[in-house]
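Peer 1: Questions regarding the structure given below will be posed in turn.
There are 2 protein chains.
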Amino acid sequence: MELSAFRARLAETAQAVERELEGLLGFEAQPGESVRPKRLIEAIRYATLAGGKRLRPFLVVETARALGRTDRGPRRVGAAIECVHAYSLIHDDLPAMDDDDLRRGRPTAHRAFDEATAILAGDALQTLAFEILADPRTDPDAEIRVTLSAGLARAAGLAGMVGGQMLDIEAETAPAPFSREEIVGLQAMKTGALLRFSVEAGARLAGASPASGAALSSYGRAVGAAFQVADDLLDAEGDTATLGKRAGKDAGRRKATLVAALGLDGARRELARLIDEAGAALDAAGLGASADGLRAAAAFVAARNS
Amino acid sequence: MELSAFRARLAETAQAVERELEGLLGFEAQPGESVRPKRLIEAIRYATLAGGKRLRPFLVVETARALGRTDRGPRRVGAAIECVHAYSLIHDDLPAMDDDDLRRGRPTAHRAFDEATAILAGDALQTLAFEILADPRTDPDAEIRVTLSAGLARAAGLAGMVGGQMLDIEAETAPAPFSREEIVGLQAMKTGALLRFSVEAGARLAGASPASGAALSSYGRAVGAAFQVADDLLDAEGDTATLGKRAGKDAGRRKATLVAALGLDGARRELARLIDEAGAALDAAGLGASADGLRAAAAFVAARNS
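Protein chains in written order, with the working numbering: chain A, 136 to 441; chain B, 136 to 441.
Now the structure itself:
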């Protein structure tokens, strides 16, 4: 698939997911409601409906599509994962964490509102993700819904995203720099787990065979790792205007990055290796041309600094 | 049931839930694990295994027992709800929220560790709650597990606990004091929703009939409301030594409390009315003597300032 065709499909999916999120974050008044947390709703919508590539939802939707499922279910699961992603950004930006003022070129949630509201908006978004997954409109089969819920919890929790974020913070003050193996491990948790789960969720929703599901999971692992290496390279090479957030901060704060462990060239080689691995996994999944979107997604992730 | 017998049963259930939590928060090393967020695990265990009455798990376990279910399932659901409760306390205590240094007579999580660790520990505890509910060891029936997950999400999210906490903060700086109706509404969200859900979860786990389930839900609503009125009275009348946390802070900060709206006597009358309502709901549930523990729980909640 050409990059321009891929971009069009990515944008189209992002729009469909945006509509799904718009509905889910509408929060209509309930009968008998005497009070309403309006400011919290505003903050949730501000942080979640800010656009973006919606890469995680794309991976859910595109994986399901490659396997033949094109209804609303994968979009809802994508929206749920996006809620978790949005919550993690709100909390990561807090003064006690990365202390960022800008996100996608706009003030971060705690700057646009206040810290308490930002903390609670993140909390509510995490809850909402599990509420969406539990809803029969996501999939009529309770077994599938509860499996997705378990998978999201593993990807988002202590052994995944949140655990990785903690290790990322600890790396800054650790007595010795993290080893390459430790950095790969923490990145697989911090950003890799949710990206990998996005692919796995799409496969589960579309009833992938065990062999195909395992191959797609390997694809998701490779894309997740590639995403983070590309992000590290982006920070080391980019500038604030392109990023919409502060650049060069990784080196300034001794962040655990693969650029720090392998150097720029080593990180670039690692990125190329991961993209090859993602492609080989798609071959193994036996999806043929229907996997072209996923193949292009891997290349896109690698090239997102251009 | 005599108060002493009730206290013994409450303590016994708390111990059983403590053992369950101890297992769930063991976080054994996984094969191939290269890094481990040790400090985060410490903070989670510090905040969750600090003892306490475990009232929410008691309501799950006791409701299920009244309906004849006594296996491990209700204890696991109780532990999941306790994870959500613990997460909410960690986040509520943060400097940007209630800014508390003490909780159950010990330093709060952000004082014992640091703010970033406390935020992430709360985040991971919320995730863990949904992971526990999704696990087949909680109940073999996926339909029940996913229903509990949906119920917990509603009770904990924007329309429940987190929304109520937001309104509670907003009340402090609102142009006019909240009306009685608004205070009742916010309290039903902030603390009521999770207590009510605890009862509903026990009923669902034990296969309550629709009529009995609805009556038990009313009981849970009344106990949840009574809990918060008793808490408001406790703050207005108690002292720091008894509470293990700072007393009298509500009045100093114009918190939305029923004592502020109704006065001490009015709040005491409202508490008595709610306990009557809880008892009447138990009568309507038709459980007979098997509901004695729940009946005693309502009285205990009302008397917890003594």
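Every residue, glycine too, gets a C-beta built ideally from N, C-alpha and C.
(1) Looking at chain B, is there any beta carbon in it that lies within less than 8 Å of the beta carbon of A:I304?
(2) Applying a beta-carbon distance threshold of less than 9 Å, which residues of chain B neighbour A:H220?
(3) Answer with yes or no whether the minimum CB distance from B:P275 to chain A is below 8 Å.
(4) Please list the residues of the segment 317-339 of chain B that have a C-beta atom closer than 9 Å to any C-beta atom in chain A, keeping them in chain order.
(5) Short of 8 Å in beta carbon distance, which residues of its chain neighbour B:S284, apart from the five on each side in sequence? Order them along the chain.
(6) Anything in chain A within Cβ reach of B:E266, meaning under 7 Å, just list it in chain order.
(7) Is there contact here, the segment 422-437 of chain A with the segment 403-417 of chain B, by at least three beta-carbon pairs under 8 Å?
(8) For B:V436 and B:R356, I'd like the C-alpha separation in whole angstroms.
(9) Looking only at its chain, what residues have a beta carbon closer than 6 Å to the beta carbon of A:R200, apart from the 5 residues adjacent to it on each side?
(10) Comparing the C-beta of A:G298 with each C-beta of chain B, is any distance below 8 Å?
(11) Which parts of the segment 226-251 of chain A are runs of the alpha helix (DSSP H), unbroken and 4 residues or longer, counting only runs that do not cross its ends?
(12) Secondary structure at B:K325, three-state DSSP: helix, strand or coil?
(13) Can at least three beta-carbon pairs, one atom from the segment 348-364 of chain A and one from the segment 224-232 of chain A, be found at a separation below 8 Å?
(14) Are the segment 307-322 of chain B and the segment 321-330 of chain A touching, with three or more C-beta to C-beta distances below 8 Å?
(15) Tell me whether B:E307 sits in a helix, a strand or coil according to DSSP, three-state version.
(16) How many Å lie between B:E153 and B:K188 at the Cα?
(17) For the alpha helix (DSSP H) containing B:P271, name the first residue and the last one.
(18) How many Å lie between A:R331 and B:A413 at the Cα?
(19) Could you check what DSSP says for A:S441 in three-state terms: helix, strand or coil?
(20) Are any of the Cβ atoms in chain A nearer than 8 Å to that of B:L255?
(21) What residues from chain A crowd round B:V212, counting only those whose CB sits closer than 8 Å?
(22) Nearest-angstrom Cα distance between A:G213 and B:A221?
(23) Is there at least one Cβ from chain B nearer than 8 Å to A:D495's Cβ?
(24) For B:M136 and A:A151, I'd like the C-alpha separation in whole angstroms.
(25) Do we get a CB-CB distance below 8 Å when we pair A:S169 with the residues of chain B?
(26) Check A:L429 in the structure and name its three-state DSSP category.
(27) Looking at the structure shown, is A:T119 part of a helix, part of a strand, or coil, going by DSSP?
(28) Which value, in whole angstroms, describes the spacing of the CA atoms of A:A420 and A:R191?
(29) Using CA coordinates, which residue listed in A:S347, A:R430, A:I179 and A:G186 is at the minimum distance from B:V297?
(30) Report yes or no: is there a C-beta of chain A within less than 8 Å of the C-beta of B:L175?
(31) Go through its chain and collect everything with a Cβ distance to B:A431's Cβ below 6 Å, but skip five positions before and after it.
(32) Checking contacts by CB at 8 Å: is B:F248 closer than that to chain A?
(33) Suppose contacts are defined by Cβ-Cβ distances below 8 Å. Is B:G208 in contact with B:T273 by that definition?
(34) Among B:E372, B:A416 and B:T392, which has the Cα closest to the Cα of B:R439?
(35) Let me see if you follow: with CB-CB separation under 8 Å, is A:R280 close to chain B or not?
(36) Thinking C-beta only, is A:L302 closer than 8 Å to A:V219?
Peer 2: Let's see:
(1) yes
(2) The premise fails here: A:H220 is roughly 13 Å from chain B at the closest Cβ pair, so nothing lies under 9 Å.
(3) no
(4) E317, I318, V319, G320, L321, A323 and M324
(5) F265, L268 and A269
(6) A285, A288, R289 and G292
(7) no
(8) A direct Cα-Cα distance of roughly 13 Å separates B:V436 from B:R356.
(9) none
(10) yes
(11) Along the length of the segment 226-251 of chain A, whole alpha helix (DSSP H) runs at least 4 residues long occupy 244-247, reported in chain order.
(12) helix
(13) no
(14) Cβ pair count under 8 Å is below three, so no.
(15) helix
(16) 10 Å
(17) Taken as a continuous stretch (DSSP letters only), B:P271 belongs to no alpha helix (DSSP H), as it is neither H nor E.
(18) 47 Å
(19) Bear in mind that the predicted position of A:S441 carries a pLDDT of just 40, short of 50, making it unreliable; the figure below should be weighed with that in mind. In the structure shown, A:S441 sits in coil (DSSP, three-state: anything other than H, G, I, E or B).
(20) Interface residue, yes.
(21) The contacting residues do not exist; B:V212 stays about 14 Å from chain A at best.
(22) Near 29 Å, if we compare the C-alpha coordinates of B:A221 and A:G213.
(23) The question about residue 495 of chain A has no answer here: the residues shown for chain A are numbered 136 through 441.
(24) 57 Å
(25) yes
(26) helix
(27) Residue 119 of chain A cannot be examined here, being either before or after the span of chain A that is shown, 136 to 441.
(28) Rounded to the nearest angstrom, the two C-alpha atoms are 20 Å apart.
(29) It is A:I179.
(30) yes
(31) M136 and F141
(32) no
(33) yes
(34) Ranking B:E372, B:A416 and B:T392 by Cα distance to B:R439 puts B:E372 first.
(35) yes
(36) no
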